[in-house]
Amino acid sequence: MAAFDRVLLSLFSGGGLCGCCKPETSNSVAMDILQLKSYQDEWDRTQRAIELAKREQVAKEAEIRQKAASRAAELLAERGDLE
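With mature numbering (1 follows the signal peptide of the UniProt record, and there is no 0) applied, the sequence shown covers -18 to -1, 1 to 65.
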């Protein structure tokens, strides 16, 4: 079991991390931790989506530059300026 899961299990079991908290306090803390974990997960997903979008944009720009260079070479060849 992961350390995070053990902490939540301990909090939800009513003993808290040290055993001195009242069950309702432990449950409140555990719920706050779960909410924060949820926010962190959403943040991580958003960051991954942003990174993916950046990589896709870079790939599209490279493709456009390649097509432009190819077209320029074709035009020069048609004019006889390129051997």
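We treat Cβ as the ideally placed atom computed from N, Cα and C, and that holds for glycine. Nothing here was measured: the structure is a model prediction, and the numbers come from that model.
Between E45 and Q17, the alpha-carbon positions lie close to 42 angstroms from each other. Here I15 has no same chain residue with a Cβ atom under 6 angstroms from its own Cβ, once five neighbours each way along the sequence are excluded. Within 10 angstroms of the beta-carbon of A54 lie fewer than 16 other beta-carbons, which makes it exposed.
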